[in-house]
Each structure stands twice: as structure tokens, then as C-alpha cells.
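**Q**
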């Protein structure tokens, strides 16, 4: 299974939408999410749960990380979704509208009990809180540090703008602020931040938003459009210029230190240890994604 830091594109797929599920197979998505909350009518959820084992199995056969977004546990369907997901062997559970650490503690308790029942290694299922409202954003650090099973978190857009009484725009100043605050919170607890889903259909918009996410250090972005996954993957994979520059930095630094230089200058810039380590990370990420 692709490790968390290499899961660039996260595709939301309606839990009962057979056409969307078929389209997801060749999307190039690193992660597919069978989505039971917003994208699945309540009357279709039972049918979608019956479909789940085959859906998740088909994704895994294509080397796609297979995940499920359940309904909130406050909703009676939440536990039903979770039970089906655990029995189907979901790699991760996404919890919508995560606003308090208590919600995560309760989710982990249920997951661990179900892991035992299903014969799965306890605490092996990733938890991905979805920060979707102002309250959750303000509590993000507490929420994201409340369980060792939290491997990453996703920030939302649609519910967030409603929570903030803001208009929904492709380029939203308030959402740009939200993604920055969210990313800082994720980094502070050492987990992967997943940028908000792109819910418009155009390619240029998803390119711009993915570049914005990349520029602040995010390594993953979500979308509701299968055609956007390859665009996201391309942008969030180090390109040849990135790698060439990183190789030059690493080479210059190691050569300088090997010669006993206290400070290494490369192309007019002092290379300090953090810059060197960042360059090595770029090379390692490129090699891992190329493998």
C-alpha cells in the first residue's frame, strides 16, 4: 500500500454511484474514498454498504488505497457505515465534521473493537479527520493529536464557507487562510495535510489550487472529479528541474563539508543544513514516486 506521504490525489466517489466507481478505476488516483455522507442519499446507503467489499477490493487490485468516509457517529448510519467498512477491510476511515477530540477518541474505540472482531491488527486502520467547520479549525491541534491512528487530515471547503458565512469562490481569500492554518496545525503534530476538495469541473482551477497547496508545503489534494487526479499527481510530484536543483545542492553541500568548509555557497546562496535536508527529501520523494 502506498505510504501516507506518497498519497497525492484523493478522489471522493459517491458510495452508490456505479458510474463514478467505474470511472475511478482508471483515474490515476492514489486514494479513492467511497463517500457515504454528502454523495450518497440515505435510502441508497444500505445498497452501497453491500457493494463495499467489491468496490474496495477492485481499488486495491489497481494499487489504489481504499478508504471510506462514513457518516458522523452522531448519525445512526455512522456506525453502520463503519461496521461495513471494517468488515470490508478499509485502509482508512474518514470522519466528517471533526470538531472535537472526543469524536476521534470515540471513533478509535469503535475501530479498535471492530479490528479485534475482524481479526485485523489493532490500531492498523488509519483515521483521517475531516476539518470542515470553524470550530474544528480552532480545535485542530487537539483533534489531530488525539489518536496515534491519525495519519493525515483533510480540510473541507463547502461546509467551511457555510460555517464562516462566506461566499463560495474558486479563489477565496478566507479559504486560502483556512488551508494555511490547517497545514500549520497538521505539521505541528507531524501528520500529512490533505488540501480541500476541488469541486468545480475545470482543469485550470484545479491546477491553480494544487500549485497553491504545493507552495505552502502540502503534499496531497482531494477532488470530486476523476479527471483531476492525474493533474494533481503531476503537480505534487517533483519535476526534473526540482530534482536537478536538489541534486546540485546535495552535491555542493557534501563536497564542501567533505573539504572542511564551515559554510557552503552554491549559486550565490549559503546552503545550511535545513536546505540540504530539504533537497534530500525532494530526491527521496521523486525516487519513491518513480518506483
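In the working numbering, the protein residues as written are 15 to 305. For every residue, glycine included, the Cβ atom is placed at its ideal position computed from N, Cα and C.
For residue 236, which residues does DSSP report across the bridge?
**A** Along the chain shown, read from residue 1 onward, the residue named residue 236 stands at position 222. According to DSSP, which records beta bridges pairwise, residue 236 is partnered with 24.
**Q** Going by DSSP, what residues sit across from residue 141 in a beta bridge?
**A** For the purposes of this step, residue 141 is taken as residue 127 along the chain shown, with counting starting at 1. Answer is 107 and 164.
**Q** From the DSSP output, in three-state form, read off residue 211 for me.
**A** On the chain shown, position 197 is the one that residue 211 refers to. Residue 211 falls in the strand class under three-state DSSP.
**Q** Whose C-beta lies closer than 6 Å to the C-beta of residue 100 among residues of the same chain, with five residues either side of it excluded?
**A** Numbered from its first residue, the chain shown carries residue 100 at position 86. Contacts found: 128 and 132.
**Q** How is residue 269 classed by DSSP in three states: helix, strand or coil?
**A** Numbered from 1 along the chain shown, position 255 holds the residue referred to as residue 269. Three-state DSSP puts residue 269 in a helix.
**Q** Near residue 154, what residues of its chain come up, given a Cβ to Cβ distance below 7 Å and the 5 sequence neighbours on each side ignored?
**A** The count along the chain shown starts at 1 and reaches residue 154 at position 140. Excluding residues within five positions, the ones whose Cβ falls inside 7 Å are 145, 196 and 199.
**Q** Should residue 238 be labelled buried (16 or more other beta-carbon atoms within 10 Å of its own) or exposed?
**A** Counting from one through the chain shown, the residue named residue 238 turns up at place 224. The residue is buried, with at least 16 neighbouring Cβ atoms inside 10 Å.
**Q** Among all the DSSP beta bridges, which residues are the ones paired with residue 45?
**A** On the chain shown, position 31 is the one that residue 45 refers to. Looking at the DSSP assignment, residue 45 forms a beta bridge with 24 and 79.
**Q** Starting from residue 280, follow the beta strand (DSSP E) in both directions and report where the run begins and ends.
**A** Sequence index remark: in the chain shown, residue 280 carries index 266 (1-based). From DSSP, the beta strand (DSSP E) with residue 280 extends over 278-280.
**Q** Pull up the distance between the alpha-carbon of residue 147 and that of residue 72, whole angstroms please.
**A** Taking the chain shown and counting its residues from 1, the one referred to as residue 147 is at position 133. Taking the chain shown and counting its residues from 1, the one referred to as residue 72 is at position 58. Approximately 33 Å between the Cα atoms of the pair.
**Q** Per DSSP, what kind of secondary structure is residue 296 in: helix, strand or coil?
**A** Here residue 296 refers to the residue found at position 282 of the chain shown. Residue 296 falls in the helix class under three-state DSSP.
**Q** What are the partner residues of residue 206, as DSSP defines its beta bridges?
**A** As a first step, residue 206 is located in the chain shown; it is residue number 192 there, counting from the start. According to DSSP, residue 206 bridges with 166.
**Q** Determine contact between the stretch 241-256 and the stretch 264-272, defined as no fewer than three beta-carbon pairs at a distance below 8 Å.
**A** In short, these stretches do not touch, since the Cβ pair count stays below three.
**Q** At the level of alpha carbons, what is the spacing between residue 193 and residue 209?
**A** As a position in the chain shown, residue 193 is number 179, starting the count at 1. As a position in the chain shown, residue 209 is number 195, starting the count at 1. Using only the alpha carbons, I get a separation of about 7 Å.
**Q** Check residue 283 in the structure and name its three-state DSSP category.
**A** What you label residue 283 is simply residue 269 of the chain shown in a count that begins at 1. Here residue 283 sits in strand by DSSP.
**Q** Answer with buried or exposed for residue 182, where buried requires no fewer than 16 other C-beta atoms within 10 angstroms of its C-beta.
**A** Locating residue 182 in the chain shown gives position 168, where the first residue counts as 1. With fewer than 16 other Cβ atoms within 10 Å, it is exposed.
**Q** Assuming residue 285 and residue 266 form a contact by the criterion Cβ under 8 Å, report the distance between their Cβ atoms to the nearest whole angstrom.
**A** Position 271 of the chain shown, counting from 1, holds the residue named residue 285. Position 252 of the chain shown, counting from 1, holds the residue named residue 266. 6 Å between Cβ atoms; contact.
**Q** From residue 169 to residue 256, what does the alpha carbon distance come to, in whole angstroms?
**A** For this step, residue 169 is matched to residue 155 along the chain shown. For this step, residue 256 is matched to residue 242 along the chain shown. Rounded to the nearest angstrom, the two C-alpha atoms are 27 Å apart.
**Q** Whose C-alpha, out of 149, 36, 204 and 249, is nearest the C-alpha of residue 217?
**A** For the purposes of this step, residue 217 is identified with residue 203 of the chain shown, where counting begins at 1. The candidate whose alpha carbon is nearest that of residue 217 is 249.
**Q** For residue 150, name the three-state secondary structure that DSSP assigns.
**A** As a working mapping, residue 150 is identified with position 136 in the chain shown. Looking at residue 150 - three-state DSSP - the assignment turns out to be helix.
**Q** Please say whether residue 160 and residue 118 have beta carbons closer to each other than 8 Å?
**A** In the chain shown, counting from the first residue as 1, residue 118 sits at position 104. In the chain shown, counting from the first residue as 1, residue 160 sits at position 146. It is a contact, given that the beta carbons lie within the stated cut-off.
**Q** Considering only the beta carbon of each residue, do residue 184 and residue 231 sit closer than 8 Å?
**A** Position 170 of the chain shown, counted from the first residue, corresponds to residue 184. Position 217 of the chain shown, counted from the first residue, corresponds to residue 231. No, Cβ-Cβ distance for residue 184 and residue 231 is not below 8 Å.
**Q** Could you check whether residue 105 and residue 80 sit closer than 8 Å to each other, using their CB atoms as the reference points?
**A** Indexing the chain shown from 1 puts residue 80 at position 66. Indexing the chain shown from 1 puts residue 105 at position 91. Cβ distance < 8 Å, so residue 80 and residue 105 count as in contact.
**Q** To the nearest whole angstrom, what separates the beta carbons of residue 166 and residue 206, a pair I think is in contact under 8 Å?
**A** If you number the chain shown from 1, residue 166 lands on position 152. If you number the chain shown from 1, residue 206 lands on position 192. With a Cβ gap of about 4 Å, residue 166 and residue 206 count as contacting.
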